[in-house]
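See below for the structure under consideration.
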Amino acid sequence: MMIDALSIAEVAQRFGIRASALRYYEDIDLLKPTFRKSGRRYYAQAELRRLALIQLLRKAGYLSLSEIANILVSNRHDQIVRNILEERVKILDQKIEAAITTKKYLEHRLTCPREDPVNDCPILAGEVDTWLAKCLISGFNVLD
1 MMIDALSIAE VAQRFGIRAS ALRYYEDIDL LKPTFRKSGR RYYAQAELRR LALIQLLRKA
61 GYLSLSEIAN ILVSNRHDQI VRNILEERVK ILDQKIEAAI TTKKYLEHRL TCPREDPVND
121 CPILAGEVDT WLAKCLISGF NVLD
């Protein structure tokens, strides 16, 4: 979807962030407006794509702005960037596993006839016991 340049106010509204956040991203060299007209910042397609990536990495990747800055300005062979990426992949794998387990529980609970599914249902007990073992043995806890 191609868009002509949008003003800072339009970008803030469409992305659900404050204009001050966009100015801050500019201050820390994460984002630059394409041009200014009458002092107002405008962002074109390339900057909007970069902003979309920043938001994706923040929300879905659980990365800080400084980590995102390292990732965006460094090459993938940089050891600091590699460490950040490897750690985030590990964390995301844990969160995905937790989400899949939770989804299985919720789906099964919709049809489980047991009054106390945690203790009486062998299917759910197995899922819960597996999760419990991971938490107790390896400290696996994605809720932190």
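Going by our numbering, the sequence shown opens with residue 1, and the numbers climb by one from there. Don't be surprised by glycine CBs; every beta carbon is placed ideally from N, CA and C. If you're wondering where the values come from, they're calculated on a predicted model, not measured in any experiment.
Give the range of the beta strand (DSSP E) segment to which residue i is assigned.
i, result
"Y43", "40–43"
"K37", "35–37"
Starting from residue i and walking both ways along the alpha helix (DSSP H), at which residues does that stretch end?
i, result
"R14", "8–15"
"D78", "Looking at the DSSP string, D78 is not in any alpha helix (DSSP H), and its letter there is neither H nor E."
"D120", "117–120"
"D29", "Counting along the chain, D29 falls outside any alpha helix (DSSP H), and DSSP gives it neither H nor E."
Return the Cβ separation of residue i and residue j in integer angstroms, given the expectation that the two are a contact with Cβ distance under 8 Å.
i, j, result
"L6", "Y43", "6 Å"
"L106", "P117", "Actually they are not in contact, since the Cβ atoms of L106 and P117 sit about 11 Å apart, beyond 8 Å."
Kindly list the residues whose CB is nearer than 8 Å to the CB of residue i, restricted to its own chain and excluding five residues on each side of it in sequence; keep chain order.
i, result
"I71", "L57, L63, V81, I84, L85"
"P33", "I8, E26, R41, Y42, Y43, E47"
"A69", "I28, D29, L30"
Given residue i, which residues of its chain have a CB within under 7 Å of its CB, disregarding the five upstream and five downstream residues?
i, result
"P122", "none"
(request) Could you tell me whether the stretch 47–55 touches the stretch 75–86, where touching means 3 or more Cβ pairs closer than 8 Å? (result) With the cut-off at 8 Å, the stretch 47–55 and the stretch 75–86 do not touch.
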